[in-house]
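Visitor:
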Amino acid sequence: MRYLDFKGERLPVIGMGTWHMGDDPNKRGGEIQALRYGLEHGSSLIDTAEMYGDGHSEKLVGAAIKPYTREKLFLISKFYPQNASIERMKQSLTASLNRLQTDYLDLYLLHWRGQVPLKETITGLRQLQQAGKIRHWGVSNFDTVDMLELFQETNGADVFANEDLYNLADRGVEYDLLPWQLKNKVPFIAYSPIAQGDSRGQQLTGNPVIQKIAKAHQITPLQLLLAWTIRQPQLIAIPQTSQWEHMQANLAAAEVTLTPAELVQIDAVFPAPTKKRPLAII
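Residue numbers (the working numbering): 27 to 308.
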């Protein structure tokens, strides 16, 4: 596994997403096995949210991490925008911690922007930080204009990370958001880094260029998509899988380095943005 120094934290370039996990009791054993495989093979970062399955995902994560030393894990969860006020945030965090069976989060994210002013949300997050309930705070589904507004708020520049959609089919953030975050030292967490297993009709894995380059590296097209995403500096990808075999394949993608020539070939069929695009969200 390859690691990055994220604001003093040593974190894997490939973490584990848990969207759509924990809903089906028949899949619970396999999902726990997949998460534990990741933990045992260097992927210490798990991302979840109160929204995922109305808390079922957090409960699943809580069960999966039980045998492990808490201090060696990096747990991320997110709260709804309607829970971004000081009091409701405290209630949301307490519920998330109970479901996760832990005393604190390593990173707590505002899931997306709502009606609560950023100033109040930052105040609430700092209070939770000072109380030892969270170690870091951040945001999700923020575009460049949102990050600029955040930085104008008192203590807004203390944001640990921004988590957004990013994959080969959704490259809009490359135009200005990714460069801005790199310049301002705000790490980027990429969700759906392989376009939900290329299940969104974008036909990435069937592309002849993708297949040719994957074959040259003796990897699958999905592994190539993940390797492409994590080529960016100061970026962590959080693919989701419910099977340990897929987890094994995901983690192996961390060892793949694409050549400049290969990146040019990929750009030719899936071009980088040449103008500002609306922030992609799923």
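From the three backbone atoms N, C-alpha and C, an ideal C-beta is built for every residue, glycine too.
The structure presented is a predicted model; accordingly, all values stated were derived computationally and were not measured.
Which first and last residues belong to the alpha helix (DSSP H) in which S118 is found?
Guide: Looking at the DSSP string, the run of the alpha helix (DSSP H) that includes S118 is 112–126.
Visitor: What number of angstroms, rounded off, separates the C-alpha of P247 from the C-alpha of Q237?
Guide: Roughly 6 Å separates the two Cα atoms.
Visitor: Counting only runs that start and end within the segment 116–198, where is the beta strand (DSSP E) found for 3 or more residues in a row?
Guide: Segments of the beta strand (DSSP E) lying fully in the segment 116–198: 131–136, 160–166, 188–191.
Visitor: Should A253 be labelled buried (16 or more other beta-carbon atoms within 10 Å of its own) or exposed?
Guide: Per the 10 Å Cβ criterion, buried.
Visitor: Would you mind sorting D31 into buried or exposed? The rule is 16 or more other CB atoms within 10 Å of its CB.
Guide: Under this definition D31 is an exposed residue.
Visitor: Kindly indicate which residue of L305, T283, S268, K85 has the alpha-carbon position closest to the one of L191.
Guide: Of the listed residues, the one whose Cα sits closest to L191 is L305.
Visitor: Identify the residues that DSSP records as bridge partners of E35: which are they?
Guide: Paired residues: F32.
Visitor: Under DSSP, the alpha helix (DSSP H) around D224 begins and ends at which residues?
Guide: It spans 221–224 - the alpha helix (DSSP H) in which D224 sits, taken as one unbroken run.
Visitor: Starting from the C-beta of L144, find all residues in its chain whose C-beta is less than 8 Å away, skip the five residues before and the five after it, and write them out in chain order.
Guide: So the qualifying residues of the chain are E175, L176, E179, G182.
Visitor: W138: which of T285, W270, Q228, S103 sits nearest, CA to CA?
Guide: Answer by Cα proximity: S103.
Visitor: Alpha carbon to alpha carbon, how far is G150 from P259? Give it in angstroms, no decimals.
Guide: Distance between the alpha carbons of P259 and G150: 30 Å.
Visitor: Of the residues S218, Q244, P234, A242, which one's Cα is nearest the Cα of I308?
Guide: With distances taken between Cα atoms, I308 lies closest to S218.
Visitor: On the three-state DSSP scale, how would you describe M42?
Guide: Strand, per DSSP.
Visitor: Opposite K104 in the DSSP bridges: which residues?
Guide: Paired residue(s): L135.
Visitor: With burial defined as no fewer than 16 other Cβ atoms inside 10 Å of the residue's Cβ, what is the status of I141: buried or exposed?
Guide: For the record, residue 141 in the displayed sequence is Gln; it is not Ile. Exposed: under 16 other Cβ atoms inside 10 Å.
Visitor: Classify A216 as helix, strand or coil using the three-state DSSP reduction.
Guide: Strand at A216.
Visitor: Would you grab the beta carbon distance between N276 and T267 for me? Rounded to a whole angstrom, and I think it's under 8 Å.
Guide: About 6 Å; that satisfies the 8 Å criterion.
Visitor: Pick out the complete alpha helix (DSSP H) segments inside the segment 235–262, 4 residues or longer, and give them in chain order.
Guide: Runs of the alpha helix (DSSP H) inside the segment 235–262: 247–255.
Visitor: Terminal residues of the continuous beta strand (DSSP E) containing L71?
Guide: Residues 71–73.
Visitor: If distances are taken between C-alpha atoms only, which option among E35, D132, R197 comes closest to I72?
Guide: Of the listed residues, the one whose Cα sits closest to I72 is D132.
Visitor: Measuring alpha carbon to alpha carbon, tell me which of M27, S166, A110, R125 ends up nearest R152.
Guide: When each option's Cα is compared against that of R152, the closest is A110.
Visitor: Quick check: the Cα distance between L61 and W270, rounded to an integer number of angstroms?
Guide: About 7 Å.
Visitor: Tell me whether I264 sits in a helix, a strand or coil according to DSSP, three-state version.
Guide: The answer is strand: DSSP assigns I264 an E or B state.
Visitor: Restricting to Cα atoms, I'd like to know which of G88, A75, G79, K302 is closest to S118.
Guide: Here the closest residue by C-alpha is A75.
Visitor: Given a cut-off of 8 Å, decide if G48 and K92 are closer than it, judged by their beta-carbon atoms.
Guide: No, Cβ-Cβ distance for K92 and G48 is not below 8 Å.
Visitor: For S69, count neighbouring Cβ atoms within 10 angstroms of its own Cβ and tell me buried if that reaches 16, exposed if not.
Guide: S69 should be labelled buried.
Visitor: Within 10 Å of its beta-carbon, does A187 have 16 or more other beta-carbons around it, so buried, or fewer, so exposed?
Guide: Looking at its Cβ environment, which holds 16 or more other Cβ atoms inside 10 Å, A187 is buried.
Visitor: Whole angstroms are fine: how far does the CA of K209 sit from the CA of A294?
Guide: Going by the C-alpha atoms only, they are around 27 Å apart.
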